[in-house]
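Q: Residue numbers (our numbering): 122 to 626. The structure under discussion is supplied below as structure tokens; questions concerning it will follow.
As structure tokens, then:
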């Protein structure tokens, strides 16, 4: 019995030696793991936000979507600052200075959209987005620290103009880089839900950030006061706060990768004749450029001078004007509603409905302006509806150019379309303010502005009907294949023509 037991023991020891290391150590580690406490909420959060281990998918998601925080913030920050500067620097903040400071961002955005549209197509979305974030931060620093030589107020406003312009170049580059990337990533995930994804990760975030800046400014006014001598910290902090989210976005963008669709197209990319682009996409480009031009000519004008119009209607103090601007928050639900309907109803249908309802509301406000004057409650009701219908324009106009062009020229054409929008914004700011000042009373002037804006919206409705295609639930990859097929057909026909001419000779 003893001998048998020893033999069994030796056999068992031999079997133990044949076990792999994982088989021996594994159970021990499992026991140790079971005894380890579960990760704390702090560890989970820090791990989730670890920029070293972040996935490219997560980096693309946040790197593109959060970029719209800075664009929306910078567009809306100027509205209340116009009122603040007119109080603090009443002798210096003339109409020409106001127009120059307001247009600085728009001119910068225009340059950025054209420049980075080309850069994003040729060098990739990631490189372009890293540069745009850097420009936004640099411009915000210059504007926040703006000062004139020897205390010159004119020099201060020139420094603000330069800083706002530089930030504008970076903000402009966000559009042709972020929206096509969201579109391409969305196409890879789900063609049927691509529109909703693009809208939620782009314009919807921009809408929220436009209202966040108003809340920030109200808090700052409560902290520092509303007297002329107390306003400087409010406007400097308002401008400078955009640096923080932009810096965080920059870290996400370090981990980004170009979309699968972009890399696929890059692998088969070759030279193509411009005539093929013009024949295939000339009318589309005209449509996206014209509709964006018309919308922004109204949108940026009322965004820039909205606080002035509110002051004219309500006759309120600076703090009341700031609170009245919070009515813009009523527009946010409409943005999310449009985002969830964009795939069901189609981009073109929502855009046409938006132009129609926008025109009706603008005509109503213009026609009733003498009655609304001095009645802020009634005016605000119509103003809210005007803004809500305006959002029905923003969502599809931002989305359509990211879908109707092939990947090889998507960012370039998006940049051109968006740049035409900013040209419309510049023209609108230069156009609507002189109209208001051309009348003997501001009441008549602002009334004329609303009526003219309604006419522009009608033109946008017609342009949408005739020029805008609808690529709802159509694969962008198939559109790419169709484009390169058109290039091949053109090259083949061209070669046949040359061969026939050669044989005739």
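Backbone N, C-alpha and C fix where the C-beta goes; we use that ideal spot for every residue, glycine too. Small disclaimer: the values here were computed from a predicted structure and weren't measured.
If you draw a straight line from the C-alpha of residue 242 to the C-alpha of residue 315, how long is it?
A: About 21 Å.
Q: Nearest to residue 582 by alpha carbon, out of 390, 403, 612 and 514?
A: Checked all of 390, 403, 612 and 514; the closest Cα to residue 582 is 514.
Q: Return helix, strand or coil for residue 522, following the three-state DSSP convention.
A: Three-state DSSP puts residue 522 in a helix.
Q: Measuring only the C-alpha atoms, how far is residue 512 from residue 562?
A: Their backbone Cα atoms lie some 30 Å apart in a straight line.
Q: Return the CA-CA distance between residue 404 and residue 591, expressed in angstroms with no decimal places.
A: If you take the alpha carbons of residue 404 and residue 591, they lie about 13 Å apart.
Q: Measure the C-alpha to C-alpha separation of residue 359 and residue 225 and round it to an integer number of angstroms.
A: Answer to the nearest angstrom: the Cα atoms are 17 Å apart.
Q: Could you check what DSSP says for residue 376 in three-state terms: helix, strand or coil?
A: Three-state result, residue 376: coil.
Q: Can you list, in chain order, the residues of its chain with a C-beta nearer than 7 Å to that of residue 287? Leave out the 5 residues immediately preceding and following it.
A: Hits under 7 Å: 229, 256, 259, 260 and 263.
Q: Cα separation between residue 527 and residue 340?
A: Rounded to the nearest angstrom, the two C-alpha atoms are 46 Å apart.
Q: Between the stretch 300 to 318 and the stretch 180 to 195, are three or more C-beta pairs nearer than 8 Å?
A: Touching, yes.
Q: Does the distance from the C-beta atom of residue 508 to that of residue 568 stay below 7 Å?
A: Not in contact: residue 508 and residue 568 (Cβ atoms no closer than 7 Å).
Q: Quick one: Cα of residue 265 to Cα of residue 281, how far?
A: Rounded to the nearest angstrom, the two C-alpha atoms are 8 Å apart.
Q: If you follow the alpha helix (DSSP H) that residue 272 is in, where does it begin and where does it stop?
A: Run containing residue 272: none; DSSP gives neither H nor E here.
Q: What is the DSSP secondary structure of residue 212, counted as helix, strand or coil?
A: In this structure, residue 212 counts as coil in the three-state DSSP scheme.
Q: Leaving out five residues before and five after residue 666 in sequence, what residues of the same chain have Cβ atoms less than 7 Å from its Cβ?
A: Outside the shown range of the chain, which is 122 to 626, sits residue 666, and nothing can be said about it.
Q: Could you name the residues of the same chain whose beta carbon sits closer than 7 Å to that of residue 519, not counting the 5 residues immediately before and after it, in chain order?
A: For residue 519, where only same-chain residues beyond five positions count, the Cβ hits under 7 Å are 300, 323 and 324.
Q: Assign residue 402 to buried or exposed, taking buried as 16 or more other Cβ atoms, counted over all protein chains shown, within 10 Å of its Cβ.
A: Buried is the call here.
Q: With three or more beta-carbon pairs closer than 8 Å as the criterion, would you say the stretch 195 to 212 touches the stretch 348 to 357?
A: As far as the Cβ criterion goes, the stretch 195 to 212 touches the stretch 348 to 357, which means the pair count is three or higher.
Q: How many Å lie between residue 631 and residue 216 at the Cα?
A: Nothing about residue 631 can be reported from this structure: the residues present for the chain run from 122 to 626 only.
Q: When DSSP labels each residue in this structure, what does residue 189 get in the three-state scheme?
A: Helix, per DSSP.
Q: Report the option in 231, 291 and 540 whose CA atom is closest to the CA atom of residue 363.
A: The shortest C-alpha separation from residue 363 is found at 291.
Q: If you pair each beta-carbon of the stretch 586 to 601 with each one of the stretch 378 to 396, do three or more pairs fall below 8 Å?
A: In short, these stretches touch, since the Cβ pair count reaches three.
Q: Throw me the rounded Cβ distance for the residue 294 and residue 236 pair, which I believe falls under 8 Å.
A: 7 Å between Cβ atoms; contact.
Q: Look at the Cβ atom of residue 370, then the Cβ atom of residue 254, and state whether they are nearer than 7 Å.
A: Yes. Within cutoff.
Q: I think residue 468 touches residue 521, with their Cβ atoms under 8 Å apart; what is that distance to the nearest whole Å?
A: At roughly 5 Å, the Cβ-Cβ gap stays under 8 Å, so residue 468 and residue 521 are in contact.
Q: Whole angstroms is fine: what's the gap from residue 308's alpha carbon to residue 366's?
A: Cα-Cα distance, rounded: 27 Å.
Q: What does the alpha-carbon distance come out to for the pair residue 680 and residue 354?
A: For residue 680 there is no data in the structure shown, the boundaries of the chain being 122 and 626.
Q: Nearest to residue 410 by alpha carbon, out of 199, 500, 523 and 440?
A: Nearest C-alpha to residue 410: 523.
Q: Pull up the distance between the alpha-carbon of residue 545 and that of residue 320, whole angstroms please.
A: Taking the straight line joining both Cα atoms gives about 22 Å.
Q: To which residues of the same chain is residue 239 closer than 6 Å at the C-beta, ignoring the five residues directly before and after it?
A: Counting only Cβ-Cβ distances below 6 Å, and skipping sequence neighbours, we find 533.
Q: Helix, strand or coil for residue 469 per DSSP?
A: Residue 469: helix per DSSP, three-state reduction.
Q: Measure the beta-carbon distance from residue 234 to residue 540 and round it to whole angstroms, keeping in mind my assumption that it falls under 8 Å.
A: That pair is a contact at about 4 Å.
Q: Grab the span of the alpha helix (DSSP H) containing residue 351 for me, first residue to last.
A: Where residue 351 is concerned, there is no enclosing alpha helix (DSSP H), given that its DSSP letter is neither H nor E.
Q: Note down, in chain order, each residue of its chain lying with its Cβ closer than 7 Å to the Cβ of residue 612, except the 5 sequence neighbours on either side.
A: Closer than 7 Å at the Cβ level, and outside the excluded window around residue 612, lies no residue.
Q: Under a three-way DSSP split, which group does residue 235 fall into?
A: Note: residue 235 maps to helix in three-state DSSP.
Q: Would you give the residue range spanned by the alpha helix (DSSP H) that residue 591 belongs to?
A: Unbroken run through residue 591: none, as it is neither H nor E.
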